Amino acid sequence: MHTPRTNSHDVLIAGAGPVGLFLACELRLAGCSVLILEQAQNPNTPLKELPFGLRGLSVPTIESLDRRDLLRPLQERAASRNTSAAAHWMQQQRRPAGHFAGIQFFHDQIDSTQWPYRLPTPISNVAADMASIEAVLAARAVKLGVKILRGYGVEDLKQSESGVTVFAAGEEFRGQWLVGCDGGRSAVRKLAGIAFTGTDPEFTGYSAQVKLADGCTLKPGRHYTATGMYNYAEPGTIGMVDFDGGAFHRRDPITREHIETVLRKISGTDVRVSALELATTWTDRAFQAKEYRKGLVLLAGDAAHVHSPLGGQGLNLGLGDAMNLGWKLAATIRGDAPANLLDSYERERHPVGAQVLDWSRAQVALMRPDRSSRALEAIIRDLIQTDDGATYFAGRVWGVEVRYDLGGVHPLVGRSAPDFELADGSRLNQHLRNGDGLFLDFDGSFRSFAACWEERIRYVASDAKNRLGLSALLIRPDGIVAWAFDGSGSDSEVVDRASTWFGNPDCL
Ligand SMILES: Cc1cc2nc3c(=O)[nH]c(=O)nc-3n(C[C@H](O)[C@H](O)[C@H](O)COP(=O)(O)OP(=O)(O)OC[C@H]3O[C@@H](n4cnc5c(N)ncnc54)[C@H](O)[C@@H]3O)c2cc1C
């Protein structure tokens, strides 16, 4: 028998992983009431700590966190916990900038002049452990007034015209909207009847912390072999990929004997594992939700897309969903959203997700233990060592090539706004902290125009150290440029752009 909760919320979120927490912060910042229902009683697990909890953050993620003043607390917390990892990083002779199927490229090869609308930034290569990421986001969410109930796994839901009722841990909760941020096996996605399609796995991946028997040596580094791939970091951290069609994943308990058998097979050595301390498996299953919204139910993060962790993009992709969705859903709830604003969430984010899935599939193709893949790998290895090759891979891996198709004539439209340094020394990202849209007017010539959206768009008139040839920009709350003007031609497009994202003007 379900006991109805008296309190109802604008938005219920299933899942207090990084995506659910970040989305909750975005919605609260925009004034919505938010309740998160999280299945796990305790958020802490050893897999969220180093070494396996380490997550590389992409440029869009770093920018989003910086725009909400979450980057600084995250870096401080991660640095205080991960000093040995940071020291290891700093000691590298060449600073690694990322990898494709394990083939590394380096910072000194990257030609950032190929990205003319990116300003140099002191922030790059941010990595943090999942425990820190979740702790910082949860602390911010609670500070903003988000309610988090742990030990409440979503078991059922009902949609009506006026909202969604969710059943969890014997209780009933009401929300105007429900967002499933409940991970790859999302109950919300299944209960809402949203199809999930893609490609089946080719391998089982292993992350394991082991003790090797005395006298056993295993070559450190990443190695492709005739039977798969393994990566070894002393004294006992192992990653490996066994092309078994994903058969072992979640089928049987992971034992010391099994890890030893697979490691022997893949490394081609007679290595002996004397103890297994921690292990998990994963696959390269690449599936994506057909729709990101069904009625009043939305999906974000792994609930909307899963792929192998190769290249480390899943968290970044999910946080990008949250940044894109938050302000649009909030405007819809407040009732001041322009027509079809919420539809643009799926329109913009689904193609980005599909690209990331293909990027992970391409890496799997390169890792297959067959002769053709080894030949292809040799070619990619050559290409990645060229400056153009490294710059291409960095553009994809770092996420700097992401551009939404928003129409508009200027090449900056649809891209992340450059973090301009303004005349008073402040940076653009600091002016986006409260989650509003922003009109940045370098010459002060659009003051009267901007006044027509006064309640909805923040107006900042200031020169910048480097304007990148621009006179004015309209920036959405998620930091994406909706309109840019370089002073030539007509500026009349701005009325249409501002109305598209913020609604009709109060004057004009
Ligand atoms: C080994 C490994 C390495 C990775 N490395 C990287 C990397 O370097 N960079 C990167 O970007 N990504 C990486 N990823 C991927 C990244 O961790 C995920 O994409 C990210 O955690 C997804 O966040 P999420 O919030 O969508 O889902 P999750 O982190 O899965 O969180 C979902 C939450 O929902 C809860 N939940 C589940 N079911 C229910 C329910 N029915 N009701 C309520 N709550 C529920 C869960 O308990 C969980 O707290 C890696 C993944 C793995 C496995």
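For the sequence shown, our numbering assigns the number 2 to the initial residue and increments by one for each residue that follows. Built from N, CA and C at the ideal position, the CB exists for glycine as well. The model shown is predicted, which means the values in this text are computed figures rather than measured ones.
(message) Going residue by residue through the region 400-473, where are the continuous beta strand (DSSP E) segments of at least 3 residues, counting only ones entirely within it?
(response) 438-442 and 458-462
(message) Can you give me the C-alpha to C-alpha distance between Gln110 and Phe174, rounded to a whole angstrom?
(response) 53 Å
(message) Can you tell me which residues form a DSSP beta bridge with Gly99?
(response) Phe106
(request) Classify Pro5 as buried or exposed, calling it buried when 16 or more other Cβ atoms lie within 10 Å of its own Cβ. (result) Reliability fails at Pro5, whose pLDDT of 49 lies under 50, so the model's placement of it is uncertain and the value that follows must be treated cautiously. It is exposed - the Cβ of Pro5 has fewer than 16 other Cβ atoms within 10 Å.
(request) Report yes if the C-beta distance between Leu429 and Ala418 is below 8 Å; otherwise report no. (result) yes
(message) When you compare the CB positions of Val189 and Gly176, do they come within less than 8 Å of one another, or not?
(response) no
(message) Going by beta-carbon coordinates alone, are Trp283 and Pro310 separated by less than 8 Å?
(response) yes
(message) Nearer than 7 Å: is that true of the beta carbon of Ala304 relative to any heavy atom of ligand 1?
(response) yes
(message) Alpha carbons only, please: which of Gly400, Val495 and Asp487 is nearest the one belonging to Trp116?
(response) Gly400
(message) Quick check: the Cα distance between Asp201 and Ala287, rounded to an integer number of angstroms?
(response) 7 Å
(request) May I have the straight-line CA-CA distance separating Ile481 from Ala129, to the nearest angstrom? (result) 25 Å
(request) Below 8 Å CB to CB, which residues in the same chain sit around Leu72 once its five sequence neighbours on both sides are set aside? (result) Ile63, Leu66, Ile124 and Val127
(request) Determine the extent of the alpha helix (DSSP H) in which Ser373 is found, giving its start and end residues. (result) Arg372 to Ile385
(request) Please look up how many angstroms separate the CB atoms of Gly490 and Ser472, rounded, as I've assumed it's under 8 Å. (result) Contact flag wrong, Cβ pair sits at about 11 Å.
(message) Give me, in chain order, the residues of the same chain whose beta-carbon lies closer than 8 Å to that of His3; leave out the 5 immediate sequence neighbours on both sides.
(response) Any reading at His3 is ruled out, since the residue's pLDDT is 48, under 50, leaving its predicted position unreliable.
(message) Taking 8 Å as the limit between beta carbons, can you name the residues of its chain near Thr7, skipping five residues before and five after?
(response) Here the model assigns Thr7 a pLDDT of 48, short of 50, so the residue's position is not dependable, and the following value carries that caveat. Correct list: empty, nothing qualifies.
(message) Going residue by residue through the region 179-223, where are the continuous beta strand (DSSP E) segments of at least 3 residues, counting only ones entirely within it?
(response) 197-200 and 205-213
(request) Quick one: give me the first and last residue of the beta strand (DSSP E) that Tyr231 is part of. (result) Gly229 to Ala234
(request) Could you pull the start and end residues of the beta strand (DSSP E) that Ala340 belongs to? (result) Premise fails: Ala340 is in no beta strand (DSSP E) and is neither H nor E.
(request) Please find out if some non-hydrogen atom of ligand 1 comes closer than 7 Å to the beta-carbon of Gly327. (result) no
(request) Let me know if Ile380 comes out buried or exposed under the rule of 16 or more other beta-carbons within 10 Å of its beta-carbon. (result) exposed
(message) My output table needs one value for Tyr225: the three-state DSSP class, helix, strand or coil.
(response) strand
(request) Measure the alpha-carbon distance for Ala510 versus Glu261 and round it to whole angstroms. (result) Outside the shown range of the chain, which is 2 to 509, sits residue 510, and nothing can be said about it.
(request) Within the same chain, show all residues whose beta-carbon is closer than 7 Å to that of Arg257, passing over the 5 residues directly before and after it, in chain order. (result) Val274, Ala276 and Leu277
(request) Give the straight-line distance between the Cα atoms of Gly321 and Gly216, rounded to the nearest whole angstrom. (result) 47 Å
(request) Please confirm whether Leu413 and Tyr118 have their CB atoms less than 8 Å apart. (result) yes
(request) With DSSP as the reference, label Ser9 as helix, strand or coil. (result) strand
(message) Checking 8 Å against the spacing of the C-beta atoms, do His10 and Leu38 come in under that value?
(response) no
(request) Name the one or two DSSP bridge partners that Lys148 has. (result) Leu36
(request) Measure the C-alpha to C-alpha separation of Leu51 and Arg141 and round it to an integer number of angstroms. (result) 22 Å
(message) For a test of the three-state rule: what should DSSP assign to Phe23, helix, strand or coil?
(response) helix
(message) Could you check whether the Cβ of Gln356 sits closer than 7 Å to any heavy atom belonging to ligand 1?
(response) no
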